[in-house]
Amino acid sequence: MKKWGLAAVLILMIGTAVFLLSKPADTKIDKLVLTGSSTIAPLAAEIGKRFESLHSNVRVDVQTGGSSRGVSDAKAGLADIGMASRALKDDEKDLHSFTIALDGISMILNRANAVAALDKQQITAIYTGKITNWKDVGGNDAPITVVNKAEGRSTLELFLHYFGLKNTDVKPHVIIGDNQQGIKTVAGNPDAIGYVSVGAAEYEASQGAAIKLLPLDGIVASVATVRDRSFPLSRPLNLLTRNGPTGLAKAFIEFATSPQVHDLIEAEYFVPVQH
Amino acid sequence: MSLSNTDRQLAALLRVGALLAAVIVLLILWFLFKESWALLRQVTWTRFFTDASWHPVAGLYRITPMLSATLYATLGAVLLAAPLGIASALFNQYYAPPLLAAVYRRLIGLLAGIPSVVYGFWGLTTLAPLIGRLHPPGVSLLTGILILTLMILPTVALTVDAALAAVPVASIRSAAALGLSRWGFISGVALPTARSGLASGTLLAAGRAIGETMAVLMVAGNVAGQPHSLFDPVRTLTANIALEMAYATGDHRAALFVSGLVLMGMVLVLVGVAEWFGKERSYV
Chain L
1 MKKWGLAAVL ILMIGTAVFL LSKPADTKID KLVLTGSSTI APLAAEIGKR FESLHSNVRV
61 DVQTGGSSRG VSDAKAGLAD IGMASRALKD DEKDLHSFTI ALDGISMILN RANAVAALDK
121 QQITAIYTGK ITNWKDVGGN DAPITVVNKA EGRSTLELFL HYFGLKNTDV KPHVIIGDNQ
181 QGIKTVAGNP DAIGYVSVGA AEYEASQGAA IKLLPLDGIV ASVATVRDRS FPLSRPLNLL
241 TRNGPTGLAK AFIEFATSPQ VHDLIEAEYF VPVQH
Chain A
276 MSLSNTDRQL AALLRVGALL AAVIVLLILW FLFKESWALL RQVTWTRFFT DASWHPVAGL
336 YRITPMLSAT LYATLGAVLL AAPLGIASAL FNQYYAPPLL AAVYRRLIGL LAGIPSVVYG
396 FWGLTTLAPL IGRLHPPGVS LLTGILILTL MILPTVALTV DAALAAVPVA SIRSAAALGL
456 SRWGFISGVA LPTARSGLAS GTLLAAGRAI GETMAVLMVA GNVAGQPHSL FDPVRTLTAN
516 IALEMAYATG DHRAALFVSG LVLMGMVLVL VGVAEWFGKE RSYV
């Protein structure tokens, strides 16, 4: 018995040693650190991967922590590039900002729903449970199914911010993860209301999914209106640097704003910017 | 008894294998603790049961609705799937003509092989709208239970079928010699003999139901509230992790690891109950 206990300890020790030693110790590699918005992070990581494949001695390190961290890290020089999923505030204008993509979300209804448009107050009332029947907003006499996004998703954050809501105030009937699930849920339920990325909604609606995109403030929800920045429920995804970018950071920003990454941007359901 | 050289080598190999399996389980537990520690250090553990709701971004960590959702969904699915699965196995073994039985067994095997996301997709696009017509929103505890039932039914049917097939031929012949009716044989001989197979099949199915994620995530509605009826949307512990992990950071992420810990605890309790139950019964 004793022997086996010893063997177990030995195996654990060897395992730990292998684990610790397997970390790369090479220091000749150039490192580019990006920190900030968790909305941009997945996209930045994908762009980083492609960038690494073009520059073999570069490692792109993407860390999340929110747009505020992106701004403060870029200001303090803690990161080579900061990421912020909002426009710069007035007291942040000393930073250099580069928009790599736009993020817009659209309210969606089932195509069978008689309601053609909702204003900001109505949507707020529906999501906080003050309006619970479609007949109160000009639809059929049917209970509303409120579809909300899971916590931590950037779409939820943008939605709450635009309508001035707190997630604890929202009274959802269904909570969804990704855009696809949201579109399937609304397409399968004639009385549902939800919101997803504009890119995903427009594509699925054109492919015959039983959903329709609601205009907001009279502006059609589409990739085109997000791109020309007239659609209100949208925001820029920005890369930030303290000074004018140089060296590796400059190369990365030029790469991230070039058409070479448009497919990556569209894969994340964001809208590429025309430069 | 002295072991031959080959035996000794095999024994050593098997011991390493067993040790590895045990170490992996312990490493998983250690990892879960390590990842949830950041949160467990700051908040008292009772808050996971007394907070107002589950809004981890706002610092509210109530886990109980998801714990009960997991329990209800598993229990409901097992209650439906166990009798159906046992009935299907009985039909297959004792009532179906051999050709039909062979085809039927293949079909059940096929059912077991369908990936869970396909069940989930079917549930979301077909079953949920149907139930929604009865009582909106359609995605609900009931939908989750029905999908889970479909998924674990083959597990029960196939294990019980195998257990019934292992009933000794001597017993079957003796029953026939005694002039027992078919049902008399089933209730008096076959089922009691295959008892442990029945129990293990049901427990295996319960284990699968607890762990199932994708299908439930798609059809159960995922609202982290205490369900009051079968038509209320629910969120299971596994769905909670899958839904929020991709975008969770800091304390939110740690809170998801806590739900992983709770899930692990639940499985441990289930295994413990099964063990205890198995011991009690084996002396009967």
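Protein chains in written order, with the working numbering: chain L, 1 to 275; chain A, 276 to 559.
All residues carry an ideal CB built from backbone N, CA and C; glycine is no exception.
Within chain A, the residues that residue i reaches when beta carbons sit closer than 7 Å
| i | result |
| --- | --- |
| arginine 153 of chain L | Tyr522 |
| serine 197 of chain L | Those do not exist, as serine 197 of chain L stays about 14 Å from chain A at its closest Cβ, beyond 7 Å. |
Own chain residues within Cβ distance below 7 Å of residue i, not counting five before or after
| i | result |
| --- | --- |
| alanine 44 of chain L | Leu34, Val62 and Met83 |
| leucine 294 of chain A | none |
| proline 404 of chain A | Gly413 |
| glycine 398 of chain A | Thr418, Ile422, Ala490, Met493 and Val494 |
Proximal chain A residues relative to residue i, where beta-carbon distance stays under 8 Å
| i | result |
| --- | --- |
| valine 174 of chain L | Pro412, Val414, Gly496, Asn497, Val498 and Pro508 |
| glycine 138 of chain L | Within chain A, no residue comes near glycine 138 of chain L; the closest Cβ sits about 19 Å away, beyond 8 Å. |
| alanine 112 of chain L | What alanine 112 of chain L touches in chain A: nothing, since even the nearest Cβ is about 11 Å away. |
| alanine 8 of chain L | Leu294 and Val298 |
| serine 38 of chain L | Tyr522 and Thr524 |
Any chain A beta carbon closer than 8 Å to residue i
| i | result |
| --- | --- |
| lysine 184 of chain L | yes |
| aspartate 276 of chain L | Only positions 1 to 275 of chain L appear in the structure, and residue 276 of chain L is not among them; the question remains open. |
| isoleucine 11 of chain L | yes |
| glutamine 181 of chain L | yes |
| phenylalanine 270 of chain L | no |
| alanine 25 of chain L | In this prediction, alanine 25 of chain L has a pLDDT of 49, which is less than 50 and means its spatial position is unreliable; nothing more can be read from the coordinates. |
| proline 232 of chain L | no |
| threonine 145 of chain L | yes |
| serine 72 of chain L | no |
Neighbourhood of residue i by C-beta distance below 6 Å, restricted to the same chain and skipping five residues each side
| i | result |
| --- | --- |
| threonine 99 of chain L | Pro236, Asn238 and Val273 |
| glycine 500 of chain A | Pro340 |
| alanine 549 of chain A | Leu478 |
Sequence-distant residues of the same chain with beta carbon closer than 8 Å to residue i, five excluded per side
| i | result |
| --- | --- |
| glycine 384 of chain A | Pro429 and Leu433 |
| glycine 482 of chain A | Val542 and Leu545 |
Chain-ordered chain L contacts of residue i [CB-CB under 9 Å]
| i | result |
| --- | --- |
| glutamate 519 of chain A | Ala150, Glu151, Gly152, Arg153 and Gly177 |
| leucine 374 of chain A | Residues of chain L passing the Cβ test: none, with the nearest at roughly 40 Å. |
DSSP three-state assignment for residue i, whether helix, strand or coil
| i | result |
| --- | --- |
| serine 206 of chain L | helix |
| tryptophan 305 of chain A | helix |
| valine 170 of chain L | coil |
| aspartate 136 of chain L | helix |
| histidine 96 of chain L | strand |
| proline 42 of chain L | helix |
| isoleucine 211 of chain L | strand |
| tryptophan 320 of chain A | coil |
| tyrosine 336 of chain A | strand |
| alanine 84 of chain L | strand |
| histidine 262 of chain L | helix |
| histidine 527 of chain A | helix |
| glycine 66 of chain L | coil |
| serine 197 of chain L | strand |
Per-residue contacts from residue i into chain L (C-beta, under 8 Å)
| i | result |
| --- | --- |
| histidine 527 of chain A | Glu151 and Gly152 |
Interface flag, residue i vs chain L, CB-CB below 8 Å
| i | result |
| --- | --- |
| alanine 333 of chain A | yes |
| methionine 493 of chain A | yes |
| proline 328 of chain A | The sequence given here places serine at residue 328 of chain A; proline does not occur at that position. Output row for serine 328 of chain A: interface = yes. |
| glycine 407 of chain A | yes |
| valine 318 of chain A | no |
| threonine 424 of chain A | no |
| threonine 400 of chain A | yes |
Interface partners of residue i on chain L, CB under 7 Å
| i | result |
| --- | --- |
| alanine 403 of chain A | Gly188 |
Interface residues of chain A facing residue i [CB-CB closer than 9 Å]
| i | result |
| --- | --- |
| glycine 65 of chain L | Thr524 and Gly525 |
| asparagine 167 of chain L | His330, Val332 and Ala333 |
Between the segment 190-199 of chain L and the segment 102-110 of chain L, are three or more C-beta pairs nearer than 8 Å?
By the Cβ rule, the segment 190-199 of chain L counts as touching the segment 102-110 of chain L, because three or more pairs are nearer than 8 Å.
Would you call the segment 535-543 of chain A in contact with the segment 364-380 of chain A, where contact means no fewer than 3 C-beta pairs closer than 8 Å?
They do not touch, by the three-pair rule.
Three or more C-beta pairs closer than 8 Å, one from the segment 118-135 of chain L and one from the segment 502-510 of chain A: is that the case here?
Segments in contact, no.
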